[in-house]
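First up is the structure itself, then whatever we jot down about it.
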Amino acid sequence: MIEGFPTDWARNCTNVFLIRHPARVIASYSAKREEPTLEDLGFVQQAQLFESLGGGIVIDSTDIRADPEAKLRNLCKALSISFQPEMLRWPAGGHPQDGIWAAHWYDAIHRSTGFAGAEGPRPDLSGAAAELEKRALPYYEALKAHSLSG
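With the numbering used here, letter number 54 in the sequence shown gets 89, and the count goes up by one each step, no holes.
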């Protein structure tokens, strides 16, 4: 989020918050940037936005990867839109709207044509990364408490 960027317009929208466990975020982020900070990861900003907007729909990436069709059906129901099986697949490649950072962050997405299988074990972090996970965890857990179930 850009500091000072207005978010009041989002009150008129149905907002969906995609969350991911801090250990997974930190492990992947650390592969691209040394010594990430809590601010870099966006957990605080995401929790603040959720609070300031009065909530929203929360879905955990681990849940989607474990059962994409069921979780997308739940999400569509929460959004009052029809589920389409085509939502489970897409053509490989990027899009112009991906922006200048796509080459750095979206390589796996650009190679994919659908949801990957369930994630493996959660990364076991140590040192500064483990401390960062401890700091991020309360924000993640606060959002996780509101995640879609079923």
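Ideal placement from N, C-alpha and C gives every residue a C-beta, glycine not left out.
Item, Value
"Assigned exposure category for F40 - 16 Cβ within 10 Å defines buried", "exposed"
"Bounding residues of the alpha helix (DSSP H) (the contiguous stretch that carries I116)", "Segment: none, I116 is in no alpha helix (DSSP H) and carries neither H nor E."
"Per-residue DSSP class, three states only, for S184", "coil"
"Of the listed residues A58, V93, P131, G155, nearest to A101 (C-alpha basis)", "G155"
"Beta-carbon proximity list for G128, same chain, < 8 Å, skipping 5 on both sides", "H145"
"L160, enclosing alpha helix (DSSP H) - first and last residue", "Where L160 is concerned, there is no enclosing alpha helix (DSSP H), given that its DSSP letter is neither H nor E."
"Beta-ladder partner(s) of L53, from DSSP", "I94"
"Of the residues L172, K67, E86, the one placed nearest T42, counting alpha carbons only", "E86"
"Beta carbon of K106 nearer than 8 Å to that of I94", "yes"
"Cut-off 7 Å between Cβ atoms - residues of its own chain near E168, not counting five sequence neighbours on either side", "P57, A58, I61, L160"
"Rounded straight-line distance, which links the Cα of N50 to that of G91", "5 Å"
"Pairwise C-alpha distance: E121 and A151", "15 Å"
"Cut-off 7 Å between Cβ atoms - residues of its own chain near Y141, not counting five sequence neighbours on either side", "G129, D133"
"Under the three-state DSSP convention, the category R68 falls into", "coil"
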